[in-house]
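Trainee:
Protein chains: 4
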Amino acid sequence: MGRHFLQIPGPSPEPDAVLRAISATTIDHRGPEFQQLGLRVLEAVKPVFGTTNPVIIYSSSGTGAWEGALANTLSPGDQVLFYETGHFASLWVEMASRLGLKPEVIDSDWRHGVDAEAIGARLEQDTDHTIKAVCCVHNETSTGVTSDIRAVREAIDRAGHPALLMVDTISGLGSADYRHDEWGVDVTIAGSQKGLMLPPGLGFNAVSDKAIEASRRGGAARSYWDWEPILAANERGFWPTTPSTNLLFGLEVALQMFAEEGLENVLARHQRHAAATRAAVNAWGLEVLCLDEPYHSPVLTAVLMPEGHDADAFRALVLDRFDMSLGAGLGRLAGTVFRIGHLGWINDLTLMGALAGVQMGLRLSGVPVAGDGVAAAMTVLEEGAGA
Amino acid sequence: MGRHFLQIPGPSPEPDAVLRAISATTIDHRGPEFQQLGLRVLEAVKPVFGTTNPVIIYSSSGTGAWEGALANTLSPGDQVLFYETGHFASLWVEMASRLGLKPEVIDSDWRHGVDAEAIGARLEQDTDHTIKAVCCVHNETSTGVTSDIRAVREAIDRAGHPALLMVDTISGLGSADYRHDEWGVDVTIAGSQKGLMLPPGLGFNAVSDKAIEASRRGGAARSYWDWEPILAANERGFWPTTPSTNLLFGLEVALQMFAEEGLENVLARHQRHAAATRAAVNAWGLEVLCLDEPYHSPVLTAVLMPEGHDADAFRALVLDRFDMSLGAGLGRLAGTVFRIGHLGWINDLTLMGALAGVQMGLRLSGVPVAGDGVAAAMTVLEEGAGA
Amino acid sequence: MGRHFLQIPGPSPEPDAVLRAISATTIDHRGPEFQQLGLRVLEAVKPVFGTTNPVIIYSSSGTGAWEGALANTLSPGDQVLFYETGHFASLWVEMASRLGLKPEVIDSDWRHGVDAEAIGARLEQDTDHTIKAVCCVHNETSTGVTSDIRAVREAIDRAGHPALLMVDTISGLGSADYRHDEWGVDVTIAGSQKGLMLPPGLGFNAVSDKAIEASRRGGAARSYWDWEPILAANERGFWPTTPSTNLLFGLEVALQMFAEEGLENVLARHQRHAAATRAAVNAWGLEVLCLDEPYHSPVLTAVLMPEGHDADAFRALVLDRFDMSLGAGLGRLAGTVFRIGHLGWINDLTLMGALAGVQMGLRLSGVPVAGDGVAAAMTVLEEGAGA
Amino acid sequence: MGRHFLQIPGPSPEPDAVLRAISATTIDHRGPEFQQLGLRVLEAVKPVFGTTNPVIIYSSSGTGAWEGALANTLSPGDQVLFYETGHFASLWVEMASRLGLKPEVIDSDWRHGVDAEAIGARLEQDTDHTIKAVCCVHNETSTGVTSDIRAVREAIDRAGHPALLMVDTISGLGSADYRHDEWGVDVTIAGSQKGLMLPPGLGFNAVSDKAIEASRRGGAARSYWDWEPILAANERGFWPTTPSTNLLFGLEVALQMFAEEGLENVLARHQRHAAATRAAVNAWGLEVLCLDEPYHSPVLTAVLMPEGHDADAFRALVLDRFDMSLGAGLGRLAGTVFRIGHLGWINDLTLMGALAGVQMGLRLSGVPVAGDGVAAAMTVLEEGAGA
């Protein structure tokens with residue numbers, strides 16, 4: 001009974017208007033109506049990335065967009081510097097290995113954002129520029145920590161290093177402040193099923209001129225992911241292969257909603273919900289995984305379970321009793337962390353319902369709860385409510 | 001952003017499956033596919049009313065179904081005994097007057113259910129049986145008080161009075177225990193937009209054999225509301241005029257959901273949500289309008305605003321800041337009462353979101369709030385959650 | 001497989017955009033969002049009726065709107081002059097009788113429109129003005145014949161008779177030219193499920209000042225149908241009882257589609273489809289029921305079955321073999337007539353599919369078919385296609 | 001006005017039930033509800049391919065599934081034998097080149113199916129087995145010609161050659177007879193937006209044991225397309241990356257529709273529509289592109305424009321005047337061919353509407369039309385209609 005509470009950090013609950021839009025009959029992807037749709041969507045998507053350059057839209061998951069970024073710019077054997085902020089960063093490293101690249105990884109405790117200094121230091125050592133790209137995750141979905149991408153760019157520049165900067169903001173885009181052009185990112189990777197509030201099925205690559213040049217000079221053997229035919233077809237509003245037309249219907253609606261609310265307001269809303277959620281976690285006496293104060297994710301909050309309590313058993317109880325999905329701990333955090341998503345088509349009261357569900361679930365699971373997190377969250381939300 | 005919290009006592013939030021069903025293209029209401037639909041729906045609706053007799057389905061609001069009940073069984077000039085439990089009872093009286101009936105009203109303080117003894121006493125006086133019908137509201141939507149309909153029937157029978165018993169359970173059906181046959185009701189009036197979780201547009205009359213006989217013997221001049229041609233056409237699954245086919249699509253889905261959950265579970269769920277809501281109101285130090293302990297409505301809770309505070313200003317703030325609709329005080333309760341609906345396609349966490357919205361709204365409105373109602377509600381919901 | 005061909009003269013196939021609109025969650029019918037919707041819809045509906053006066057919208061079928069027209073303006077015992085153009089006119093007469101009015105009927109052969117002269121002649125005889133209203137059907141759904149309403153008004157005026165003019169354009173509105181104000185109609189009756197391309201569930205009364213005055217002075221005992229409280233509430237965008245909100249969502253979309261296409265284009269489109277259909281019927285060597293050349297309905301075409309062939313058996317075969325619903329012969333036309341609807345969300349190719357289905361069905365039914373009606377229809381449609 | 005006629009050879013019109021299914025809110029792709037969905041869909045999809053082996057489902061277009069087939073089984077430098085039946089076969093060759101394979105192409109006139117003898121002859125010459133795979137298109141979407149895949153397998157076997165057999169049935173699956181296991185295909189490539197009647201966004205690889213072995217032994221550097229992690233996750237109903245959940249919702253519904261209708265009936269229906277379409281083309285005096293009598297596609301019919309007439313101008317006129325999309329001539333057929341799709345959620349009358357649109361469009365374009373193709377098509381459809 002009632003709407004399921006989908007409080008994982010993506011896929012996120014979609015607006016009804018988006019869902020209705022994707023339920024229209026598919027149109028001819030070679031016809032004039034599609035062409036106008038294509039041109040509108042390709043233009044309207046740019047501001048969300050903070051770019052005036054093209055944005056490639058793949059029929060794929062976000063993972064596919066990772067592969068697109070790597071395949072277009074790097075050749076087998078190329079060395080790539082990754083910063084492992086969490087599980088998804090580690091999966092991207094694994095992909096790079098499988099694709100024949102040579103990933104080098106700066107490890108971390110999975111509780112902080114990217115250490116731009118460490119990246120800079122490594123690049124300074126790389127005097128013959130064997131490192132071809134630096135890859136970071138902007139909003140690490142497994143930990144709820146964001147990273148200072150501008151600082152990474154500055155560190156690369158300070159090192160005078162020509163490496164490309166590639167950033168995964170799959171779960172950040174449309175929820176956390178992001179500026180592809182201003183921050184000097186070369187390839188930005190995103191997906192449809194997070195802040196864009198669409199079903200999964202679209203992957204994105206926002207590309208700098210430098211990235212496009214790199215793709216023209218080299219990259220891996222590639223076809224599906226190849227930017228060139230897509231960019232060429234996109235100029236007239238088309239795709240070289242059959243696009244996910246129905247998701248593009250939805251994307252147009254979602255982008256209109258962004259434009260109406262105003263991107264700044266969208267970001268402020270996420271920050272507010274994140275602050276309320278952290279207030280709840282603190283009141284419960286639980287520990288937020290992120291230790292990096294300015295880098296708490298506005299998209300999700302990862303919470304450490306107290307010793308002796310299994311996060312997955314807790315999540316199963318919450319699902320069973322309260323019909324709410326929470327995110328699991330991933331990789332080395334499995335069983336010890338649960339994640340509360342606060343993105344997508346939700347509002348203050350949805351969030352309060354979700355936090356009430358967490359609080360009741362904790363108590364029913366026998367987890368010691370220090371105080372009333374729901375009350376603490378309300379205190380945060382009362383300020384500036386509806387402003 | 002996010003789904004609106006529709007916490008009025010109806011129309012209630014519809015299940016997605018119901019909304020999808022009503023969005024199918026209308027079919028030929030004279031064809032075999034419709035016929036099968038008609039037969040299925042007319043049969044499946046009976047258990048919700050607790051009847052094995054026919055249920056008439058009008059294309060109308062619930063108000064229309066009031067008129068159907070009166071027009072089929074009573075003739076202009078007939079005397080009818082009403083018990084005024086609240087605003088909707090008073091509107092029904094007004095309708096009776098407009099239709100040329102002679103309503104006699106037993107007044108009340110709008111904070112208790114029907115006093116069956118008072119009805120019995122009045123009927124005993126009516127030795128020449130000028131009173132043709134007794135009309136009561138089962139779940140008074142304006143006050144959040146239910147009434148003991150079985151007791152009313154018993155009082156009528158004890159008085160040895162032949163009056164028909166007509167009961168409005170527009171906002172009770174599908175949420176509060178109701179038994180047309182067992183309680184000896186002659187005409188039960190209901191609507192689609194409350195516990196049945198459909199959009200407004202269908203009105204219902206469940207009818208006893210005695211009521212049908214009365215309609216054959218007399219009643220007012222009537223056409224649209226006339227049971228006879230409807231009952232005749234319904235036998236083969238049809239309607240004499242164009243039915244609201246798309247709402248019947250939705251009704252079938254809603255009734256399937258009832259059958260799957262089990263009517264007893266549906267009723268228990270409403271009771272649980274009502275108990276949690278009252279716990280919140282009590283904790284806030286506010287007064288529930290209903291003073292009749294066993295007759296708190298499982299559908300809605302009406303709350304008295306403290307002196308000096310305007311319920312409508314509070315509701316406007318809640319709508320503006322938290323995108324939640326609450327019910328207004330009606331009639332003599334205007335401005336002094338607000339109503340929280342807890343019916344329709346909601347669950348524990350929806351209710352917690354709603355109560356959090358009320359609590360935040362009260363504080364932001366400057367209403368003195370004694371304690372944490374949200375916490376009190378969670379205590380109720382933790383017990384038997386998901387059971 | 002495939003979309004059902006719903007080629008009855010209503011309910012008509014709804015636009016996808018309308019169906020999506022009605023599938024939105026119902027909103028608070030007492031809140032500000034509804035108020036704006038109400039004000040917009042009540043204004044936007046007027047041009048389709050050709051009026052600047054109010055239009056009452058009931059939660060009811062079109063039949064209910066008949067009752068609304070009669071109940072507000074006429075008192076039991078009032079004499080009313082009906083012109084029986086077909087089955088629906090006869091049903092309206094039957095309703096009048098049931099409601100205690102005294103209908104007087106000018107009969108016809110059901111193959112022509114209203115004979116305004118006959119009405120005028122009758123009114124001239126009625127020197128003491130016992131006839132209170134003249135009731136006609138503008139587009140007789142059972143016969144496919146329209147009537148010259150302007151001529152009826154002129155005949156009434158020439159007779160210097162004060163009778164109200166009430167017109168049923170349930171199946172004409174939005175498809176056939178109609179001008180409430182210009183033609184001097186007092187009450188126009190319509191429904192949602194025909195030219196307005198909505199599901200059934202809304203009934204309409206467009207009202208002249210004279211009709212409103214009549215309703216204030218008299219009319220029958222009434223409540224649900226009473227214009228006065230509706231007009232009063234409508235002034236602020238509301239309804240006195242719970243309106244069919246979801247159908248109002250759809251009505252707004254349908255009216256926007258009308259505004260975009262332009263009412264003149266809408267009417268021309270129906271005329272074109274009707275002409276193509278008649279060309280097909282003529283080519284088949286079958287007889288169109290309507291014998292009144294200028295009054296062929298743009299909404300539907302009724303076709304006489306040749307002797308010895310059962311129209312209902314033919315319709316059943318078409319439904320079974322080609323998944324198309326055609327309209328039955330009604331009343332005295334049962335079994336001898338079938339009706340092809342050409343209204344609602346259809347286009348040239350839908351119509352061609354429908355006519356092909358009729359032609360194949362005729363042949364498979366063993367009905368002698370003189371020539372290729374489909375080819376004849378194409379010849380009509382080729383002219384001005386897409387213009 | 002009215003539903004667009006989408007008569008391209010895919011994307012095809014989706015059933016309303018499919019569109020409603022994909023408009024449900026996305027669920028947690030790591031939760032138990034998804035798991036059950038995954039297990040059901042992965043099992044239910046097998047019969048459509050005629051396999052009991054696993055079917056990999058990608059979030060991608062059909063083109064992505066081509067890449068999946070190649071990347072898992074072939075290593076850069078591997079020689080692959082392609083048979084160019086048309087434009088899509090040539091695009092697949094181009095992909096193979098881009099991915100570093102060495103395609104060898106047996107050319108054709110694009111008007112016949114695969115010449116299995118020619119493939120056998122080539123393989124017999126390849127005594128050292130440098131050819132690693134034979135790639136064919138089962139239903140060539142650009143030409144409307146199918147191929148005898150069983151004969152190709154037999155030719156490979158007669159040559160005693162170990163090459164893998166990879167078959168693209170992107171536009172054939174669910175419309176044309178296909179038997180992955182029985183015909184000994186190693187990798188079958190398909191997509192969602194054709195016979196499966198879904199929006200684009202899913203790519204499929206049905207895989208033989210031999211293909212899986214080949215992928216374990218070798219293949220290209222790969223990640224997104226890698227079968228192994230998908231097969232492993234699929235065993236429990238999950239995917240390693242975020243799947244296109246909403247399309248899986250739709251896929252389940254489409255597969256249920258297949259099961260209800262029966263795959264044989266589905267195939268017969270397509271054959272019947274194809275026969276009716278060819279009868280129309282012949283009657284018009286136009287030439288069907290396919291010259292291979294038993295290999296006319298049941299999915300689409302490609303038609304040659306007479307000299308001096310531009311197929312694209314004709315298609316533009318049909319779109320403008322009759323709101324119907326037809327397929328363009330592709331590659332070397334551009335401008336000289338148009339294609340009529342007869343797949344997806346259509347029925348006899350939809351097809352008749354489409355053929356009427358083509359016939360009227362031809363006449364309005366000034367193309368000499370010998371006879372009445374619409375009449376000819378009706379003659380075909382009358383036989384066995386609805387059987």
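Chains as they are written, first to last, in the UniProt record's numbering: chain A, 1 to 387; chain B, 1 to 387; chain C, 1 to 387; chain D, 1 to 387.
Cβ atoms here follow ideal geometry from the backbone N, Cα and C, with glycine treated the same way.
#1: Measure from the C-beta of Ala118/B to each C-beta in chain A and report whether the shortest distance is under 8 angstroms.
#2: Quick one, are the C-beta atoms of Ile230/C and Ile56/C less than 8 angstroms apart?
#3: Taking any Cβ of chain B, which residues in the stretch 193-208 of chain C have a Cβ under 7 angstroms from it, in chain order?
#4: Helix, strand or coil for Leu74/A per DSSP?
#5: Could you give the distance in angstroms between the alpha-carbon of Glu182/D and the alpha-carbon of Thr379/D?
#6: Exposed or buried, which one is Arg217/B when buried takes at least 16 other CB atoms within 10 Å?
#7: Among Thr169/A, Leu300/A, Ser97/A, Arg40/A, which one has its Cα closest to the Cα of His273/A?
#8: For a cutoff of 8 angstroms on Cβ pairs, would you count Arg222/D as touching chain A?
#9: Among the residues of its own chain, which have a CB less than 7 angstroms from the CB of Gln79/C, if the five just before and after it don't count?
#10: Going along chain C, which residues have a C-beta under 8 angstroms from Thr277/B?
#11: Tell me which residues share the same chain as Leu330/C and place their Cβ nearer than 6 angstroms to its Cβ, disregarding the 5 neighbours each side in the sequence.
#12: Around the Cβ of Arg3/C, are there at least 16 other Cβ atoms within 10 angstroms (buried) or fewer (exposed)?
#13: Beta-carbon of Asp28/B versus every beta-carbon of chain C: anything under 8 angstroms?
#14: Taking the alpha-carbon positions, what's the Gly361/B to Ala221/A distance?
#15: On the DSSP letters alone, give me the boundaries of the beta strand (DSSP E) that Gln7/A sits inside.
#16: With which residues is Asp168/C paired in a DSSP beta bridge?
#17: Considering only residues of the same chain and omitting the five flanking positions on each side of Pro306/D, which have a CB-CB separation below 8 angstroms?
#18: As a quick exercise: from Gly144/B, Gln125/B, Thr127/B, Val114/B, pick the residue whose alpha carbon is nearest that of Cys135/B.
#19: In its own chain, which residues sit with a C-beta less than 7 angstroms from the C-beta of Leu165/A, not counting the 5 before and 5 after it?
#20: Measuring only between beta-carbons, confirm whether Phe5/C sits less than 8 angstroms from chain D.
#21: Have a look at the DSSP bridge pairing and note the partners of Met324/B.
#22: Quick one: which residues of the stretch 326-352 of chain B get their C-beta closer than 9 angstroms to a C-beta of chain A? List them in chain order.
#23: Could you give the first and the last residue of the continuous beta strand (DSSP E) run that contains Leu251/B?
#24: In terms of residue numbering, what span does the alpha helix (DSSP H) encompassing Thr379/B cover?
#25: With the cut-off set at 8 angstroms, would you say Gly50/A and His138/A are in Cβ contact?
#26: What residue from Ser244/B, Glu94/B, Ser90/B has the CA that sits closest to residue 390/B's CA?
#27: Quick one: does Gly366/A have its CB under 8 angstroms from some CB of chain B?
#28: Please name the residues in the stretch 94-116 of chain C whose beta-carbon is closer than 7 angstroms to at least one beta-carbon of chain B, in chain order.
#29: Select from Ile119/A, Gly38/A, Thr26/A the residue whose C-alpha is nearest the C-alpha of Ser108/A.
#30: Using the Cβ count rule (16 or more neighbours within 10 Å means buried), how would you classify Thr52/D?
#31: For a minimum of 3 consecutive residues, which ranges assigned as the beta strand (DSSP E) are wholly contained in the stretch 106-161 of chain D?
#32: Of all Cβ atoms in chain D, is any one closer than 8 angstroms to the Cβ of Gln359/C?
#33: Roughly how many angstroms separate the alpha carbons of Asn347/C and Gly371/C, rounded to a whole number?
Mentor: The relevant details are as follows:
#1: Position 118 of the second sequence, counting from 1, holds the residue named residue 118/B. No - not a single Cβ of chain A is within 8 angstroms of the one on Ala118/B.
#2: What you label residue 230/C is simply residue 230 of the third sequence in a count that begins at 1. What you label residue 56/C is simply residue 56 of the third sequence in a count that begins at 1. Going by C-beta atoms, Ile230/C is nearer than 8 angstroms to Ile56/C.
#3: Shown in chain order are the members of the stretch 193-208 of chain C whose Cβ falls below 7 angstroms from a Cβ of chain B: Gln193, Pro199, Pro200, Gly201.
#4: Residue mapping note: residue 74/A aligns to position 74 of the first sequence, counting from 1. In this structure, Leu74/A counts as coil in the three-state DSSP scheme.
#5: Against the fourth sequence, residue 182/D aligns to sequence position 182. Against the fourth sequence, residue 379/D aligns to sequence position 379. Each residue's CA atom was taken as its position, placing Glu182/D and Thr379/D some 35 angstroms apart.
#6: Here residue 217/B refers to the residue found at position 217 of the second sequence. Arg217/B should be labelled exposed.
#7: Here residue 273/A refers to the residue found at position 273 when the first sequence is read from its first residue. A check of alpha carbon separations from His273/A across Thr169/A, Leu300/A, Ser97/A, Arg40/A identifies Leu300/A as the nearest.
#8: Taking the fourth sequence and counting its residues from 1, the one referred to as residue 222/D is at position 222. Cβ-Cβ to chain A under 8 angstroms: yes for Arg222/D.
#9: Sequence index remark: in the third sequence, residue 79/C carries index 79 (1-based). Answer for Gln79/C: Lys102, Glu104, Thr130, Ile131, Lys132, listed in chain order.
#10: If you number the second sequence from 1, residue 277/B lands on position 277. None at all; the shortest Cβ gap to chain C is about 18 angstroms.
#11: As a working note, residue 330/C is residue 330 in the third sequence. Excluding positions up to five away in sequence, the list reads His87, Ser142.
#12: In the third sequence, counting from the first residue as 1, residue 3/C sits at position 3. Arg3/C should be labelled buried.
#13: Position 28 of the second sequence, counted from the start, is the residue given in the question as residue 28/B. Yes, its Cβ sits closer than 8 angstroms to a Cβ of chain C.
#14: To locate residue 361/B, count along the second sequence from 1; it is residue 361. To locate residue 221/A, count along the first sequence from 1; it is residue 221. Answer to the nearest angstrom: the Cα atoms are 60 angstroms apart.
#15: By 1-based counting over the first sequence, the position of residue 7/A is 7. Residues 5-7.
#16: Along the third sequence, one-based indexing puts residue 168/C at 168. Val137/C, Ile189/C, per the DSSP bridge assignment.
#17: Here residue 306/D refers to the residue found at position 306 of the fourth sequence. The answer, listed in chain order, is Leu286, Val367, Pro368.
#18: The sequence position of residue 135/B within the second sequence is 135, counting from 1. When only C-alpha atoms are compared, the closest one is Val114/B.
#19: Your numbering for residue 165/A matches position 165 in the first sequence. Result list for Leu165/A: Val134, Val152, Arg153, Ile156, Gly184, Val185, Asp186, in chain order.
#20: By 1-based counting over the third sequence, the position of residue 5/C is 5. Yes, its Cβ sits closer than 8 angstroms to a Cβ of chain D.
#21: Walking along the second sequence from the start, residue 324/B turns up at place 324. Residue pairing from DSSP places Met324/B in a beta bridge opposite Phe5/B.
#22: Gly344, Trp345, Ile346, Asn347, Asp348, Leu349, Thr350, Leu351, Met352
#23: Counting from one through the second sequence, the residue named residue 251/B turns up at place 251. Here Leu251/B belongs to no beta strand (DSSP E); instead the alpha helix (DSSP H) covers 245-261.
#24: One-based indexing of the second sequence puts residue 379/B at position 379. Boundaries of the alpha helix (DSSP H) around Thr379/B: 373-382.
#25: For this step, residue 50/A is matched to residue 50 along the first sequence. For this step, residue 138/A is matched to residue 138 along the first sequence. No.
#26: Nothing in the structure corresponds to residue 390/B, since chain B is present only between 1 and 387.
#27: The sequence position of residue 366/A within the first sequence is 366, counting from 1. Not closer than 8 angstroms to any Cβ of chain B, the Cβ of Gly366/A fails to qualify, so no.
#28: Met95, Arg98, Leu99, Gly100
#29: Position 108 of the first sequence holds residue 108/A. For Ser108/A, the nearest C-alpha among the options comes from Ile119/A.
#30: Stepping through the fourth sequence from its first residue, residue 52/D is reached at position 52. Flag for Thr52/D reads exposed.
#31: 131-137
#32: Within the third sequence, residue 359/C is the residue found at index 359, counting from 1. Closer than 8 angstroms: yes.
#33: Translated into the one-based positions of the third sequence, residue 347/C becomes position 347. Translated into the one-based positions of the third sequence, residue 371/C becomes position 371. Answer to the nearest angstrom: the Cα atoms are 24 angstroms apart.
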